[in-house]
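Below is one structure, written out as structure tokens; the observations come after it.
Number of protein chains: 2
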Amino acid sequence: MVASRAGVSTATVSLVANGKTHGRVSEDNISRVRQAIAELGYVVDSVGSSLAKGVSSIVILVAPDISNPFFAKVIEGVRESLGSDFQLLLSVTEAGELPRADDIRRLSALRPAGLLVDAPDAAFLENLSSTGPLVLLDAPGLEAYAPSVNLDVASGARELAAHLAGSGHRRVAYLDSVTGTATFAIRRTAFLQAAAALGMSVDPANRIGTTIDVGAAAEAFAAAWPQWQQAGVSAVVCATDTHAYGVLQEARVAGLRIPAELAVAGFDDLPYSATSNPGLTSVHLPAAQLGLKAGEQLRGLIEGRTLERPQLTLESTLVVRGSTDRAAGGHSGLR
Amino acid sequence: MVASRAGVSTATVSLVANGKTHGRVSEDNISRVRQAIAELGYVVDSVGSSLAKGVSSIVILVAPDISNPFFAKVIEGVRESLGSDFQLLLSVTEAGELPRADDIRRLSALRPAGLLVDAPDAAFLENLSSTGPLVLLDAPGLEAYAPSVNLDVASGARELAAHLAGSGHRRVAYLDSVTGTATFAIRRTAFLQAAAALGMSVDPANRIGTTIDVGAAAEAFAAAWPQWQQAGVSAVVCATDTHAYGVLQEARVAGLRIPAELAVAGFDDLPYSATSNPGLTSVHLPAAQLGLKAGEQLRGLIEGRTLERPQLTLESTLVVRGSTDRAAGGHSGLR
DNA sequence: CTGAAAGCGCTTACAG
DNA sequence: CTGAAAGCGCTTACAG
Numbered sequence: 001m002v003a004s005r006a007g008v009s010t011a012t013v014s015l016v017a018n019g020k021t022h023g024r025v026s027e028d029n030i031s032r033v034r035q036a037i038a039e040l041g042y043v044v045d046s047v048g049s050s051l052a053k054g055v056s057s058i059v060i061l062v063a064p065d066i067s068n069p070f071f072a073k074v075i076e077g078v079r080e081s082l083g084s085d086f087q088l089l090l091s092v093t094e095a096g097e098l099p100r101a102d103d104i105r106r107l108s109a110l111r112p113a114g115l116l117v118d119a120p121d122a123a124f125l126e127n128l129s130s131t132g133p134l135v136l137l138d139a140p141g142l143e144a145y146a147p148s149v150n151l152d153v154a155s156g157a158r159e160l161a162a163h164l165a166g167s168g169h170r171r172v173a174y175l176d177s178v179t180g181t182a183t184f185a186i187r188r189t190a191f192l193q194a195a196a197a198l199g200m201s202v203d204p205a206n207r208i209g210t211t212i213d214v215g216a217a218a219e220a221f222a223a224a225w226p227q228w229q230q231a232g233v234s235a236v237v238c239a240t241d242t243h244a245y246g247v248l249q250e251a252r253v254a255g256l257r258i259p260a261e262l263a264v265a266g267f268d269d270l271p272y273s274a275t276s277n278p279g280l281t282s283v284h285l286p287a288a289q290l291g292l293k294a295g296e297q298l299r300g301l302i303e304g305r306t307l308e309r310p311q312l313t314l315e316s317t318l319v320v321r322g323s324t325d326r327a328a329g330g331h332s333g334l335r
Numbered sequence: 001m002v003a004s005r006a007g008v009s010t011a012t013v014s015l016v017a018n019g020k021t022h023g024r025v026s027e028d029n030i031s032r033v034r035q036a037i038a039e040l041g042y043v044v045d046s047v048g049s050s051l052a053k054g055v056s057s058i059v060i061l062v063a064p065d066i067s068n069p070f071f072a073k074v075i076e077g078v079r080e081s082l083g084s085d086f087q088l089l090l091s092v093t094e095a096g097e098l099p100r101a102d103d104i105r106r107l108s109a110l111r112p113a114g115l116l117v118d119a120p121d122a123a124f125l126e127n128l129s130s131t132g133p134l135v136l137l138d139a140p141g142l143e144a145y146a147p148s149v150n151l152d153v154a155s156g157a158r159e160l161a162a163h164l165a166g167s168g169h170r171r172v173a174y175l176d177s178v179t180g181t182a183t184f185a186i187r188r189t190a191f192l193q194a195a196a197a198l199g200m201s202v203d204p205a206n207r208i209g210t211t212i213d214v215g216a217a218a219e220a221f222a223a224a225w226p227q228w229q230q231a232g233v234s235a236v237v238c239a240t241d242t243h244a245y246g247v248l249q250e251a252r253v254a255g256l257r258i259p260a261e262l263a264v265a266g267f268d269d270l271p272y273s274a275t276s277n278p279g280l281t282s283v284h285l286p287a288a289q290l291g292l293k294a295g296e297q298l299r300g301l302i303e304g305r306t307l308e309r310p311q312l313t314l315e316s317t318l319v320v321r322g323s324t325d326r327a328a329g330g331h332s333g334l335r
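These protein sequence lines map, in sequence, to chains A and B.
Residues in the first sequence are numbered from 1 upward in steps of one, following UniProt numbering.
Residues in the second sequence are numbered from 1 upward in steps of one, following UniProt numbering.
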């Protein structure tokens with residue numbers, strides 16, 4: 001080790017590089033080593049270090065859907081809380097898939113300092129034989145497996161129901177997501193329950209579902225609308241903003257006035273929802289916070305702390321825009 | 001090492017695990033070791049292996065913009081070509097940023113088998129002191145730094161110009177991206193040149209630019225349209241599909257008939273462009289191929305081969321849809 | 001406070 | 001064809 005040529009043993013260099021000098025290295029040596037490190041641009045070889053320590057400085061983030069503006073925010077939050085002490089690396093799988101058992105084994109062979117898993121299912125967690133620090137994101141109902149950070153989508157769903165009821169809507173349609181993720185069941189159930197309590201009816205016949213895809217949602221809406229219209233539906237709630245974009249698209253084609261003839265709302269509050277015309281009313285989910293908190297929890301675990309609150313839930317809030325509220329406006333087209 | 005308990009030395013196990021048995025291990029031992037490996041679910045510890053070999057099985061993909069449907073396709077291609085011999089990990093940076101020098105040093109300390117860098121700039125490559133296998137993606141003009149796989153956006157731009165000229169357009173506007181990336185200069189230059197050759201005018205006054213953002217593009221178009229209209233502009237070409245979505249959005253609000261009163265086209269052919277209404281005419285870029293070829297080139301480098309063709313260029317092609325061609329149709333709204 | 005030494009889990013000449 | 005041994009770059013008891 002070249003750095004040791006600046007006066008001391010490799011052991012001392014290691015101590016300094018790891019900040020474990022307290023009461024073990026003289027001030028004199030500390031500064032001498034620091035200078036040598038700076039001069040040589042030395043960076044601790046993480047492979048050697050990992051082998052000796054039994055663990056690396058890599059944190060692996062596993063997620064089924066990385067190409068998603070919502071997820072980009074989550075990542076930002078994770079980065080912020082993890083800082084530069086850890087290398088955040090994204091596990092890349094086929095779109096919409098979680099890594100398979102042998103992928104996981106290979107990832108474990110990297111000896112990551114910790115694992116962050118977004119939107120897992122029970123089967124995945126069952127297989128996950130990893131023993132290291134683990135935090136789940138957006139895994140409602142799976143709290144038994146590991147500390148997790150969840151989103152309280154139900155509260156936002158109730159706010160949305162109240163908003164629509166307050167705007168005078170009485171018959172509402174629901175455009176669901178067909179993926180079996182727990183969050184969608186929660187969104188639907190919470191909304192339906194609150195709607196019923198507020199005197200709005202969501203006829204089972206007026207509930208449909210598609211994949212999370214603008215085109216699919218658009219087609220499904222186009223096919224369903226005549227019937228919904230006949231049934232007196234004046235508002236449609238979509239399980240995701242992506243579904244809602246499909247509805248907005250078809251509604252424009254059909255010349256439907258929004259929100260006068262049809263109010264539209266979604267969940268997620270994706271960036272595009274703020275700039276679309278009309279703006280899309282949506283249940284805002286704190287993506288960056290989700291990442292941030294998950295990162296903090298994982299740090300705690302890595303540092304061997306016991307988490308005071310292993311289960312965290314973040315609030316969702318309704319953002320009202322032009323798609324349900326004429327007054328909410330948004331920018332209004334050509335000037 | 002537990003696996004060696006199945007009869008032989010660790011050296012033999014290592015040989016089998018690495019497939020270096022040719023003429024060095026007896027058939028007998030090979031199968032005995034294989035069985036032991038299977039029984040114990042043994043996976044080579046990549047940290048120990050990396051240290052001994054001096055290189056890991058990690059391939060790091062560095063990119064400024066991971067939350068982009070186009071990029072998701074690129075990743076798919078990379079995965080396919082890299083297979084399971086390498087761990088593909090995404091370096092996560094702030095949105096739109098490439099990693100800084102010390103990030104890179106830390107990544108290098110992981111001893112990656114290779115590096116894939118998407119859309120870099122010269123400054124980044126200057127700093128990149130990494131010595132290992134390196135392949136650039138979408139880095140026109142930077143071929144001097146490393147083997148690269150590029151996109152021939154110019155040919156698509158020329159096709160687009162021919163298509164618009166053939167549809168009778170004479171005055172065209174251009175909505176550019178303001179980020180300095182080389183690809184945008186190429187898109188613009190190629191289109192303008194071909195347009196001029198075909199007798200279409202793109203008045204400098206009818207060229208504007210915004211960030212890659214639907215809202216920003218929508219506003220800019222809204223502000224510019226009155227003048228464009230007065231100037232007789234009948235088509236607008238956008239540097240990205242994202243820009244075009246903004247134009248389509250505002251055009252709908254204004255009640256502009258598309259493509260009759262205004263034809264709109266973009267670059268990238270994002271998934272949404274196929275399902276929007278009208279569908280968006282766009283220059284298709286082979287994202288998955290880009291990733292696939294880059295992965296193949298990197299593999300070659302890692303395996304010590306000399307690349308027969310270190311510089312690859314993939315063709316772009318025009319996809320004509322309803323936004324420029326009434327006949328191209330697309331699905332047509334409520335049935 | 002300091003350094004020599006063992007060991008992390010592998011791979012690879014090397015001698016047999 | 002096979003195994004003992006050295007070594008990859010670090011960290012961490014341990015003895016001083």
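Beta carbons are placed, not taken as given, at the ideal position from N, Cα and C, and that holds for glycine.
Can you pull the chain A residues whose beta carbon is under 8 Å from the beta carbon of PHE184 of chain B, in chain order?
Going along chain A, no residue has its Cβ under 8 Å from PHE184 of chain B, so there is no contact; the nearest lies around 21 Å.
Where ALA173 of chain A falls: helix, strand or coil (DSSP):
strand
Residue environment, LEU128 of chain B, which counts as buried when at least 16 other CB atoms sit within 10 Å:
buried
Stretch-stretch touch, CB-based, cutoff 8 Å, three pairs: the stretch 78-88 of chain A with the stretch 33-45 of chain A:
no
For ASP241 of chain B, which option in B:SER234, B:LEU285, B:LEU256 and B:VAL59 has the closest C-alpha, if you only look at C-alpha atoms?
B:LEU285
With a Cβ-Cβ cutoff of 7 Å, do ALA235 of chain B and HIS163 of chain B count as a contact?
no
In angstroms with no decimal places, state the Cα-to-Cα distance between GLU126 of chain B and ALA38 of chain B.
46 Å
Stretch-stretch touch, CB-based, cutoff 8 Å, three pairs: the stretch 172-180 of chain B with the stretch 132-151 of chain B:
no
Where TRP225 of chain A and VAL253 of chain A are concerned, what is the direct C-alpha to C-alpha distance, given to the nearest angstrom?
13 Å
Taking a contact to mean a Cβ-Cβ separation below 7 Å, would you say GLY246 of chain B touches ALA218 of chain B in this structure?
yes
Is LEU290 of chain A near VAL74 of chain A, with beta carbons less than 7 Å apart?
yes
In terms of residues, what are the limits of the beta strand (DSSP E) holding ASP268 of chain B?
263-268
Look at the alpha carbon of GLY96 of chain B and the alpha carbon of ALA222 of chain B, and state the distance between them as a whole number of angstroms.
26 Å
Using a C-beta to C-beta distance shorter than 7 Å, which residues of chain A count as neighbours of PHE71 of chain B?
SER67
Validate contact between the stretch 48-68 of chain A and the stretch 83-95 of chain A using beta carbons, cut 8 Å, 3 pairs:
yes
Among the residues of its own chain, which have a CB less than 6 Å from the CB of GLU159 of chain B, if the five just before and after it don't count?
LEU318
Terminal residues of the alpha helix (DSSP H) in which ILE104 of chain B lies
101-108
Provide the residue span of the beta strand (DSSP E) that contains HIS284 of chain A, from first to last.
281-284
Counting contacts by CB-CB distance shorter than 7 Å, is THR240 of chain B in contact with chain A?
no
Cβ-based burial, SER24 of chain B [other Cβ within 10 Å; buried from 16]
The amino acid at residue 24 of chain B is misidentified as Ser; the sequence shows Arg. It is exposed - the Cβ of ARG24 of chain B has fewer than 16 other Cβ atoms within 10 Å.
Report, in whole angstroms, the separation of the C-beta atoms of ALA144 of chain A and ALA194 of chain A, which I expect to be a contact under 8 Å.
With a Cβ gap of about 27 Å, ALA144 of chain A and ALA194 of chain A do not count as contacting.
Check SER49 of chain B in the structure and name its three-state DSSP category.
helix
Whose C-alpha, out of A:LEU262, A:GLU250, A:VAL13 and A:GLN311, is nearest the C-alpha of GLN230 of chain A?
A:LEU262
Kindly indicate which three-state DSSP category GLU27 of chain A falls into: helix, strand or coil?
helix
Give me the residue from B:VAL214, B:GLY7, B:HIS243 and B:LEU61 with the minimum Cα distance to SER282 of chain B.
B:HIS243
Within the continuous beta strand (DSSP E) that includes SER91 of chain B, where are the two ends?
87-91
Taking GLU315 of chain B as part of the beta strand (DSSP E), name the residues at either end of that continuous run.
311-315
ALA154 of chain B to MET200 of chain B span [Cα, whole Å]
17 Å
Just tell me which of B:ALA251, B:GLU296 and B:ARG34 has its CA closest to the CA of LEU312 of chain B.
B:GLU296
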